[in-house]
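Chains as they are written, first to last, in the working numbering: chain A, 1 to 79; chain B, 1 to 79.
All C-beta atoms, glycine included, are put in the ideal place defined by N, C-alpha and C.
Read the structure below first, then the notes.
This is the structure:
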């Protein structure tokens with residue numbers, strides 16, 4: 001079973017990578033870019049086939065390793 | 001209109017970040033992790049309200065800046 005985890009900085013936390021992308025898009029002539037946030041996406045291939053168990057395991061992975069929950073939020077998609 | 005871009009290393013391209021995550025998950029006692037790939041997710045807030053135009057603009061952003069199309073693939077979601 002495949003899981004996809006999105007890890008984004010929480011809103012309110014300064015995102016210098018996103019700001020750099022926004023400025024670069026402006027320099028390249030792209031107009032109307034009101035905001036950019038950059039995060040991580042992690043695709044995990046699991047041996048587990050039970051959706052509920054897989055979701056519990058991946059959530060634990062996020063809490064322990066993948067996200068810094070002080071400044072980052074995460075979401076888990078399975079499929 | 002919001003756009004979300006996923007940028008992943010193409011399959012076959014070595015992903016040291018993903019490998020590091022896989023090893024770290026193993027060290028933490030998570031079993032059954034068969035593979036991990038790590039990529040970027042970029043959320044862009046656009047002034048454009050037309051879906052077709054926004055998709056064309058974001059695709060151009062990917063080609064010019066957001067993805068290195070030699071080694072990375074990207075996908076665009078609008079909504």
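Span of the alpha helix (DSSP H), counted from its first residue to its last, around residue i
| i | result |
| --- | --- |
| residue 14 of chain A | Where residue 14 of chain A is concerned, there is no enclosing alpha helix (DSSP H), given that its DSSP letter is neither H nor E. |
| residue 55 of chain A | 51-61 |
Limits of the beta strand (DSSP E) - the one that residue i falls within
| i | result |
| --- | --- |
| residue 67 of chain B | Unbroken run through residue 67 of chain B: none, as it is neither H nor E. |
| residue 35 of chain B | 33-46 |
| residue 9 of chain B | 2-9 |
Identity of the residue in the options nearest residue i by Cα
| i | options | result |
| --- | --- | --- |
| residue 29 of chain A | B:75, B:64, B:31 and B:78 | B:64 |
| residue 61 of chain B | A:13, A:10 and A:27 | A:27 |
| residue 12 of chain B | B:77, B:67 and B:72 | B:72 |
| residue 91 of chain A | A:18, A:79 and A:33 | Within the shown structure, residues of chain A are numbered from 1 to 79, placing residue 91 of chain A beyond reach of any answer. |
| residue 14 of chain B | B:52, B:50, B:36 and B:75 | B:36 |
| residue 1 of chain B | B:10, B:48 and B:38 | B:48 |
| residue 119 of chain A | A:67, A:68, A:18 and A:59 | Since the first residue of chain A shown is 1 and the last is 79, residue 119 of chain A is not available in this structure. |
| residue 52 of chain B | B:16, B:25 and B:77 | B:77 |
| residue 56 of chain B | B:40, B:75 and B:69 | B:75 |
| residue 32 of chain B | A:70, A:50 and A:67 | A:50 |
Identity of the residues DSSP links to residue i by a beta bridge
| i | result |
| --- | --- |
| residue 73 of chain A | A:8 |
| residue 78 of chain A | A:3 |
Which of the residues in the stretch 6-28 of chain B, read from start to end, lie with their CB under 8 Å from any CB of chain A?
-> 6, 8, 18, 21, 24, 25 and 28
Residues, ordered as in the chain, of the stretch 40-57 of chain A that lie near chain B by beta-carbon distance below 8 Å | 40, 41, 42, 43, 44, 45, 46, 47, 48 and 57
Segment contact, 8 Å Cβ cut-off, at least three pairs: the stretch 2-15 of chain A with the stretch 37-46 of chain A = yes
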